[in-house]
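A.B. asks: Can you keep this structure in mind? I'll have questions shortly.
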Amino acid sequence: MNRVYGAKMQGRKLTGVLFLLIAGLLFMGKRVDAQGAFTIESRIDGYQSVLLQWESDREDYIYQIQRAHKKTGPFETLTSISGQTGVVSSYDHDVVLGDTYYYKVVKVTGNQTAEESQVIKMKILLPAPVNVNIVKLEEEQIKLSWNKVEGATGYIIYRSNNKEKGFKKIGETAKAKFTDKNVKGGALYYRVKAVKKKRKAVSGNPSDTVSVYLKPCVPVVMGSYEKNKIKITWKKSEGADTYYVYKKNSKGTYKKLGTTNKLYFTDKKVKKGNYYEYKVTAAYSREGITRKSKKSRACKVLADVIDPDKKMIALTFDDGPGRYTEDIVNCLKKNNGKATFFVLGCNVDSYKNALKAADKIGCQIGNHSYNHKILTKLSKKEIREQISQTDTKVKNVIGKTPDLVRTPGGAISDTVNSTVGKPIILWSIDTLDWKTRSKDKTIKAVMRDIKDGDIVLMHDIYEPTKNAACFLIPKLKQEGYQLVTVGELAKYRGYALKKGTVYRRLRRK
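702 is the number of the first residue of the sequence shown in our numbering; add one for each residue after it.
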């Protein structure tokens, strides 16, 4: 064999040996791709304790649990586990609250690394509270308790009406218990999180969600008649998404009339002049079970525009019509209400449309003189002119002559009373809106003292008054008041209004 050939053969052998050595090294340190790698799971399990878990399919595997302070290492082996199949668990109790660690598990067989798990990052936080329990105390109070979390100085309580989202903080406590005093009804879900004073960064995750299912709030029902049908309405009941409507039949029992997810129901099967009674139940469904409130109190409705058995008041507006009159009329229309507008003759031609709109929805138009002169300072002739000129202006626009009068400033005397030739309507509630020009003060003046049969004085020429009226109209309806004209109030309270007589309120006789 020549030297050249022998050298070539020897080189080939060395190359083969090197290849096998390199291949072996690569095998020992290889990182299996994502499809081949086994996965581990981790969580905080108790105070300053990390739990690692994974699946083992062979008893002869040795698992090395490794930890580092950086993702890139260096990793040190904390312990080894062997001879197990199924779910394997390992705890690391040697950790510091607030620090971050990186973990991986190395599968070893025959003194060789067969596989490595992914690297998991764990920041050591307070554990989530466990054994959170709910004890119902009353309809408006729920008491929660849980196991004390070691290392925690307090707890934050969260609540939602949805099991999966929408949790909001409702309170904090230093103890392992809390009472929710703002409970109304429906499905409620709670979570509790442990916190450490002055170390918010170590607060852990919230507890598992716990739930309590209360009955929905009982609806408060109101009804009104309009255009040959009765519409009953109610406010949303806490926790409810469905409502069952019942109607009293001729036998005196309530029969289910319908179901709705809206806050109103319309009964078209009514006859004018008859009374009808309704009740409503609120409900919701969770976990396959429907929970219902008690039936509401009966809502008795007369199939007529005005129910004489219910509270009623007369809103009145002076010195218009003006630029805000039509807004007030539209609000009245939307809420099925009426009012009385005591107008100045000098303003009528400039706001004919507003006057027509008020008349069209059934509002009453009264006489407030022609140009707001104090009638007690005028002669009889001048008083008659102030009234007659306004009568003419109003009749030219709506085809009707006002049959009521309100004297400017409320000034009256025997001469004025006998000369105006109409009943004189003053007021029982003076909002002083002309003076305060304040929406809030006008609202307060009404809501503070309002009673059945009251006559309320406002002025439709001021924007704050318009804003107040547009709040008061639906608010008074919600409070159970029917908004009627002065004439209607007198009729249903049994008054025959007389010329020259002064009326400040029209209460039940």
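Ideal Cβ placement from N, Cα and C applies to all residues, glycine included.
For the beta strand (DSSP E) containing K901, list its first residue and its last residue.
C.D. replies: Here residue 901 corresponds to residue number 200 of the sequence shown, with the count starting at 1. First-last for K901: undefined, no H or E at that position.
A.B. asks: Output needed for G959: all residues of its chain with C-beta closer than 7 Å, excluding positions within five of it in sequence on either side, in chain order.
C.D. replies: For this step, residue 959 is matched to residue 258 along the sequence shown. Excluding sequence neighbours, G959 sits near V946 and F966.
A.B. asks: Would DSSP call V1106 helix, strand or coil?
C.D. replies: On the sequence shown, residue 1106 is found 405 positions in, with the first residue counted as 1. It is a strand residue.
A.B. asks: Report the residue from R860, Q1179, Y1204 and N812 whose alpha carbon sits nearest the alpha carbon of T934.
C.D. replies: Mapped onto the sequence shown, residue 934 falls at position 233. The residue with the shortest Cα to Cα distance from T934 is Q1179.
A.B. asks: Buried or exposed: which applies to N1097, given that a residue is buried once 16 or more other Cβ atoms fall within 10 Å of its Cβ?
C.D. replies: Position 396 of the sequence shown holds residue 1097. Exposed, since its Cβ has fewer than 16 Cβ neighbours within 10 Å.
A.B. asks: State yes or no: is the C-beta of H1069 within less than 8 Å of the C-beta of F1043?
C.D. replies: Translated into the one-based positions of the sequence shown, residue 1069 becomes position 368. Translated into the one-based positions of the sequence shown, residue 1043 becomes position 342. Yes, Cβ-Cβ distance for H1069 and F1043 is below 8 Å.
A.B. asks: Quick one: residues in its chain with C-beta nearer than 8 Å to the C-beta of V1095, no 5 flanking neighbours on either side, listed in chain order?
C.D. replies: Here residue 1095 is taken as the residue at index 394 of the sequence shown, counted from 1. Around V1095: V1044, G1046, V1049, L1056, I1066, N1068, K1101, T1102 and P1103.
A.B. asks: Is it right to say L838 is buried, meaning 16 or more other beta carbons lie within 10 angstroms of its own, or is it exposed?
C.D. replies: Stepping through the sequence shown from its first residue, residue 838 is reached at position 137. It counts as exposed.
A.B. asks: Which residue wins for smallest C-alpha separation from T961, given the options Y977, K972, Y985 and G787?
C.D. replies: Within the sequence shown, numbered from 1, the residue matching residue 961 stands at position 260. The candidate whose alpha carbon is nearest that of T961 is Y985.
A.B. asks: Determine which residues share a DSSP beta bridge with Y890 and list them.
C.D. replies: One-based indexing of the sequence shown puts residue 890 at position 189. Note: Y890 sits in a beta bridge opposite S861 and S912.
A.B. asks: Can you give the Cα-Cα distance for G1195 and K1210, rounded to whole angstroms?
C.D. replies: The residue given as residue 1195 occupies position 494 in the sequence shown. The residue given as residue 1210 occupies position 509 in the sequence shown. Spanning the two alpha carbons is a distance of roughly 7 Å.
A.B. asks: CB-CB under 8 Å to Y976, same chain, minus the five flanking residues each way: which ones, in chain order?
C.D. replies: Stepping through the sequence shown from its first residue, residue 976 is reached at position 275. The residues are K1001, V1002, L1003 and A1004.
A.B. asks: What residue ranges within the stretch 1035-1077 form continuous alpha helix (DSSP H) runs of no fewer than 4 residues, ordered along the chain?
C.D. replies: Entirely contained in the stretch 1035-1077, the alpha helix (DSSP H) runs reaching 4 residues are, in chain order, 1046-1049 and 1053-1061.
A.B. asks: Determine the direct distance from the alpha carbon of M923 to that of T1143, and round the result to whole angstroms.
C.D. replies: Along the sequence shown, one-based indexing puts residue 1143 at 442. Along the sequence shown, one-based indexing puts residue 923 at 222. So the two alpha carbons sit approximately 25 Å from each other.
A.B. asks: With a 10 Å radius around its C-beta and 16 neighbouring C-beta atoms as the bar for buried, classify V833 as buried or exposed.
C.D. replies: Stepping through the sequence shown from its first residue, residue 833 is reached at position 132. Result: buried.
A.B. asks: Give the DSSP bridge partners of G811, in chain order.
C.D. replies: Counting from one through the sequence shown, the residue named residue 811 turns up at place 110. For G811, which the question treats as bridged, DSSP gives no partner whatsoever.
A.B. asks: Is DSSP giving L1016 helix, strand or coil here?
C.D. replies: For the purposes of this step, residue 1016 is taken as the residue at position 315 of the sequence shown. Three-state DSSP puts L1016 in a strand.
A.B. asks: Helix or strand or just coil, what does DSSP make of W1135?
C.D. replies: Position 434 of the sequence shown, counted from the start, is the residue given in the question as residue 1135. Of the three classes helix, strand and coil, the one that applies to W1135 here is helix, per DSSP.
A.B. asks: Determine the DSSP secondary structure at K932, reduced to helix, strand or coil.
C.D. replies: If you number the sequence shown from 1, residue 932 lands on position 231. If DSSP states are grouped into helix, strand and coil, K932 belongs with the strands.
A.B. asks: Give the secondary structure of N962 by DSSP, where H, G and I count as helix, E and B as strand, and everything else as coil.
C.D. replies: Residue mapping note: residue 962 aligns to position 261 of the sequence shown, counting from 1. In the structure shown, N962 sits in coil (DSSP, three-state: anything other than H, G, I, E or B).
A.B. asks: Which word fits H770, buried or exposed, when buried means at least 16 other C-beta atoms lie within 10 angstroms of its C-beta?
C.D. replies: Taking the sequence shown and counting its residues from 1, the one referred to as residue 770 is at position 69. Exposed is the call here.
A.B. asks: I1029: which of K970, T954 and M1159 sits nearest, CA to CA?
C.D. replies: Walking along the sequence shown from the start, residue 1029 turns up at place 328. Of the candidates K970, T954 and M1159, the one whose C-alpha sits nearest the C-alpha of I1029 is M1159.
A.B. asks: Assign N1118 to one of two classes, buried (16 or more other C-beta atoms within 10 Å of its C-beta) or exposed (fewer than that).
C.D. replies: To locate residue 1118, count along the sequence shown from 1; it is residue 417. Taking every protein chain shown into account, the CB of N1118 has 16 or more other CB atoms within 10 angstroms, so this residue is buried.
A.B. asks: Looking at C-beta atoms only, is the number of pairs between the stretch 757-774 and the stretch 804-812 that lie closer than 8 Å three or more?
C.D. replies: yes
A.B. asks: Please go through the stretch 979-1024 and give each complete beta strand (DSSP E) segment of 3 or more residues, from N-terminal end onward.
C.D. replies: With a minimum length of 3 residues, the continuous beta strand (DSSP E) runs that stay inside the stretch 979-1024 are 990-993, 1000-1003 and 1013-1021.
A.B. asks: Measuring alpha carbon to alpha carbon, tell me which of G1110, C918, M1148 and R1085 ends up nearest I1126.
C.D. replies: Locating residue 1126 in the sequence shown gives position 425, counting from the first residue. Among G1110, C918, M1148 and R1085, the Cα nearest to that of I1126 belongs to G1110.
A.B. asks: According to DSSP, simplified to helix, strand and coil, what is R744?
C.D. replies: To locate residue 744, count along the sequence shown from 1; it is residue 43. In this structure, R744 counts as strand in the three-state DSSP scheme.
A.B. asks: What whole-angstrom Cβ distance do V919 and S861 have, given they're in contact under 8 Å?
C.D. replies: To locate residue 919, count along the sequence shown from 1; it is residue 218. To locate residue 861, count along the sequence shown from 1; it is residue 160. With a Cβ gap of about 23 Å, V919 and S861 do not count as contacting.
A.B. asks: Among the candidates D1150, K1167, S1129 and R1107, whose CA atom is the shortest distance from the CA of W1135?
C.D. replies: The residue you call residue 1135 lines up with position 434 of the sequence shown. The shortest CA-to-CA distance from W1135 to any of D1150, K1167, S1129 and R1107 is the one to K1167.
A.B. asks: Would you say V893 and W847 are within 8 Å of each other, going by their C-beta atoms?
C.D. replies: Here residue 893 refers to the residue found at position 192 when the sequence shown is read from its first residue. Here residue 847 refers to the residue found at position 146 when the sequence shown is read from its first residue. Yes, the pair counts as a contact, with Cβ atoms nearer than the cut-off.
A.B. asks: Residues in the same chain with beta-carbon distance under 7 Å from D1060, minus the five sequence neighbours each way, listed in chain order, please.
C.D. replies: Counted from its first residue, the sequence shown places residue 1060 at position 359. If we look at D1060 and ignore the five residues flanking it on each side, its Cβ neighbours are I1066 and I1099.
A.B. asks: DSSP on I1126, reduced to helix/strand/coil?
C.D. replies: For the purposes of this step, residue 1126 is taken as the residue at position 425 of the sequence shown. Note: I1126 maps to strand in three-state DSSP.
A.B. asks: State yes or no: is the C-beta of S1114 within less than 8 Å of the C-beta of R1205?
C.D. replies: As a first step, residue 1114 is located in the sequence shown; it is residue number 413 there, counting from the start. As a first step, residue 1205 is located in the sequence shown; it is residue number 504 there, counting from the start. Contact flag unset, no.
A.B. asks: Ordered along the chain, which non-local residues of its own chain (more than five positions away) have a Cβ less than 7 Å from that of L726?
C.D. replies: Along the sequence shown, read from residue 1 onward, the residue named residue 726 stands at position 25. Unreliable positioning characterises L726 in this predicted model, as indicated by a pLDDT of 33, which lies under 50. The coordinate reading is nonetheless provided below. Hits under 7 Å: none found.
A.B. asks: Have a look at T1215 and V850 and give me their C-alpha separation to the nearest angstrom.
C.D. replies: In the structure as shown, the chain begins at 702 and stops at 1210. Residue 1215 is therefore absent and cannot be evaluated.
A.B. asks: State the start and end residues of the unbroken alpha helix (DSSP H) segment that holds S1089.
C.D. replies: Taking the first residue of the sequence shown as 1, we reach residue 1089 at position 388. S1089 -> alpha helix (DSSP H) spans K1081 to I1099.
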